[in-house]
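Those letters in the sequence shown? Residues 0 to 451, by numbering that gives the first Met the number 0.
Note that beta-carbon positions come from the ideal geometry of N, C-alpha and C, so glycine has one too.
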Amino acid sequence: MTTTQVINPATEQVITTVEMADLAATDAAIERAHRAWAGWRTIAPGDRARLLRRFAEAVDADLDHLAELEVANAGHPITVARLEAANVRDVLQYAAGMPERLLGQQIPVDGGIDITFHEPLGVVGVIAAWNFPMPIAAWGFAPALAAGNTVVLKPAELTPLTALRLGELARQAGLPEGVFQVLPGEGPVVGQRFVTHPAVRKVVFTGSTGVGKRIMAGCAEQVKRVTLELGGKSPNIVFADADLERAAAAAPYGVFMNSGQDCCARSRILVQRSVFDRFLELLEPAVRRFRVGDPLDETTEAGPLISAAHRERVAGFVDPAAVAFTGERPDGPGFWYPPTVVLPSGPTERVFTEEIFGPVAAVLPFDDEAEAIHLTNDTEFGLAGSVWTRDLGRALRVSRAVEAGNLSVNSHLSTRYSTPFGGSKQSGLGRELGPDAALAFTETKNVFIATD
Ligand code: NDP
């Protein structure tokens, strides 16, 4: 085993060191999960539901602690980190309703009775990214457990602390040994073993599109199931008939929350030409008001970037000559980057086409609905997007025409635990959350019983 140092991105101080699993430890965890599956898959659905409810209660009792860990490890503002911990509780509570609602069908056939069952797959490997460590993990593990699978969760190397705490809470809640394990380690070691170990029947991956493609290719060797939640370059489309004040006031929240380290960040702001200048006039004070700073301050809206290397990568996208205006950022230690609004010269510039994963918004004008849709869809990504208009017909037309998994009208809300979430095109494969979340962790089995 090796160890890794966990850094607080707001102070650059080492918080703790964490053991990283090697190949042997990964195999041992997968085999433990496989043994545990024999019991977990056959446990009465009501008992599985009760254990998940107890897990949710344990998370609820630990909300403040989980939030403090995330503030220290990921630099998330305390108010946001509390919501993220509450999201884990809600996702678990919602999943606790699933074991008893995995309804099969009785299909009318000749000569007998035909029934379908939704059966669990086995061991599920969940690979999480560092940007929202708690929700990303829970969206994978909660429905997987509800459907009767066992889970090994690999948190991102940079952010293992809340995942480790969730593992402790699962044990406290009484989940049987081996049903839910947390295994910090390197992606190419632990995550890659999920891909190659035959006992792992599904991999849930959240991360970059490049690594996601390699995971999918690796899983193809065993026809292994995958859910992929990948990158995005989501649009925020503002039509001239929109409530411009509201659209401009909300735009910073669409792109700068979590300092832009959000796969759903509305980082391409498209504004109808007739209101372009007016929108920028309204946007500038809203960006300057956006509070980047001490994550422990209750009024802070976004914290630092995750690392010095990531800050350097973000800065590499920004041509100083194209910057229209920026917001504030603290001085001193911490991986700070100010909210930045850029006016690219056209839609082929990198700042407009590539996922930056930082607080950088590129604003471009468009002439009409057709051009807005063309600019929006002219990308390999298709995760999320927002449409601002007062015209209901246009709201529906544009929402249907945009190639993305999650659209919001006059809002930037992308996810709720009760509605499906995921990407189209190269932003992902499969859906998480929502009423069908557990079905993604099952195989449908058809049984015919002859009666004649
Ligand atoms: P990476 O793809 O580098 O890493 C994501 C996870 O995969 C980490 O746990 C990482 O481990 C692991 N990993 C890395 N290499 C391998 C490998 N060869 N085999 C198996 N696992 C591996 O992404 P980032 O950490 O940079 O995360 C940012 C990306 O995630 C962005 O592109 C963003 O858009 C995307 N994302 C998508 C979301 C969605 O729902 N669509 C949500 C959040 C983020 P390690 O930590 O050791 O590197």
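The alpha helix (DSSP H) that contains residue i, what's its start and end?
| i | result |
| --- | --- |
| Asn235 | Here Asn235 belongs to no alpha helix (DSSP H); instead the beta strand (DSSP E) covers Pro234 to Val237. |
| Met97 | Here Met97 belongs to no alpha helix (DSSP H), and DSSP marks it neither H nor E. |
| Gln171 | Leu160 to Gln171 |
| Ala532 | With the chain covering only 0 through 451, there is no way to say anything about residue 532. |
| Pro134 | Pro132 to Ala145 |
| Val286 | Phe275 to Arg288 |
| Phe351 | Arg349 to Thr352 |
| Val178 | First-last for Val178: undefined, no H or E at that position. |
| Thr414 | Element bounds for Thr414: n/a, residue is neither H nor E. |
| Leu68 | Leu62 to Ala73 |
| Ile216 | A small fix is needed here, since residue 216 is Ala in this sequence, not Ile. Run containing Ala216: Thr208 to Ala219, per the alpha helix (DSSP H) assignment. |
Excluding the five sequence neighbours on either side, which residues of its own chain have a C-beta within less than 8 Å of the C-beta of residue i, listed in chain order?
| i | result |
| --- | --- |
| Pro110 | The question names Pro, but residue 110 in the sequence shown is Gly. If we look at Gly110 and ignore the five residues flanking it on each side, its Cβ neighbours are Ala449, Thr450 and Asp451. |
| Gly173 | Leu50 and Arg53 |
| Glu185 | Met19 and Glu156 |
| Gly166 | Leu152, Phe179, Gln180 and Val181 |
| Ile135 | Ala127, Ala128, Thr205 and Glu228 |
| Leu438 | Leu101, His117 and Ala146 |
| Leu168 | Phe54, Ala57, Val58 and Asp61 |
Could you tell me which of the options sits nearest to residue i, measuring between CA atoms?
| i | options | result |
| --- | --- | --- |
| Arg267 | Ala320, Val350, Glu244 and Asn445 | Val350 |
| Thr299 | Arg265, Phe255 and Cys262 | Phe255 |
| Ser426 | Asp21, Lys212, Val270 and Val79 | Lys212 |
| Val17 | Leu229, Ala9, Ala127 and Met0 | Met0 |
| Glu353 | Gly184, Thr208, Glu283 and Gly147 | Thr208 |
| Tyr336 | Pro343, Pro303 and Ala60 | Pro303 |
| Leu432 | Pro419, Gly331, Leu438 and Gln4 | Pro419 |
| Asp261 | His75, Thr2 and Asp63 | His75 |
| Pro98 | Arg224, Ala146, Pro159 and Ala394 | Ala146 |
| Thr226 | Pro142, Ala323, Thr3 and Val286 | Pro142 |
| Ala285 | Val150, Glu244 and Ala71 | Glu244 |
| Arg31 | Asp61, Pro175, Ala9 and Val70 | Pro175 |
| Ala37 | Ser273, Thr10, Leu120 and Val408 | Leu120 |
| Pro343 | Glu311, Phe324 and Pro154 | Phe324 |
| Glu83 | Gly96, Asp61, Gly103 and Gln104 | Asp61 |
I need the DSSP call for residue i, collapsed to helix, strand or coil.
| i | result |
| --- | --- |
| His117 | strand |
| Ser344 | coil |
| Thr195 | helix |
| Met0 | coil |
| Arg267 | strand |
| Glu379 | coil |
| Ala43 | coil |
| Gln425 | helix |
| Leu82 | helix |
| Phe54 | helix |
| Ala301 | strand |
| Val401 | coil |
| Val188 | helix |
| Leu174 | coil |
| Trp335 | coil |
| Asp330 | coil |
| Leu229 | coil |
| Asp261 | coil |
| Trp129 | coil |
Can you check DSSP and say which residues form a bridge with residue i?
| i | result |
| --- | --- |
| Arg224 | Lys201 |
| Lys444 | Phe116 |
| Trp387 | Val237 |
| Thr16 | Gln4 |
| Ala449 | Gly111 |
| Pro105 | The sequence shown places Gln at residue 105, rather than the Pro named in the question. Gln105 is bridged to Ile114. |
| Val322 | Val341 |
| Glu431 | Phe420 |
| Val291 | Ala301 |
The beta strand (DSSP E) spanning residue i covers which residue range?
| i | result |
| --- | --- |
| Val408 | Asn405 to Val408 |
| Leu152 | Thr149 to Lys153 |
| Ala307 | Careful: Ala307 lies outside any beta strand (DSSP E), inside the alpha helix (DSSP H) at Ala307 to Ala314. |
| Val122 | Val122 to Ile126 |
| Val362 | Val359 to Phe365 |
Between which residues of its own chain and residue i is the CB-CB distance below 6 Å, once the five residues before and five after are set aside?
| i | result |
| --- | --- |
| Ala241 | Trp387 and Thr388 |
| Phe447 | Gly111 and Asp113 |
| Thr2 | Thr16 and Glu18 |
Should residue i be listed as close to ligand 2, given that the test is whether its C-beta is under 7 Å from any heavy atom?
| i | result |
| --- | --- |
| Ile126 | Questions concerning ligand 2 fall outside what the structure shown contains, since the ligands it does hold are ligand 1. |
Can you list, in chain order, the residues of its chain with a C-beta nearer than 7 Å to that of residue i? Leave out the 5 residues immediately preceding and following it.
| i | result |
| --- | --- |
| Leu157 | Trp129, Ile305 and Ser306 |
| Ala249 | His411 |
| Gln221 | Pro197 |
| Gly45 | Glu99 |
Would residue i count as contacting chain C if we go by Cβ distances under 8 Å?
| i | result |
| --- | --- |
| Gly331 | Absent from the structure: chain C. Only one protein chain is present. |
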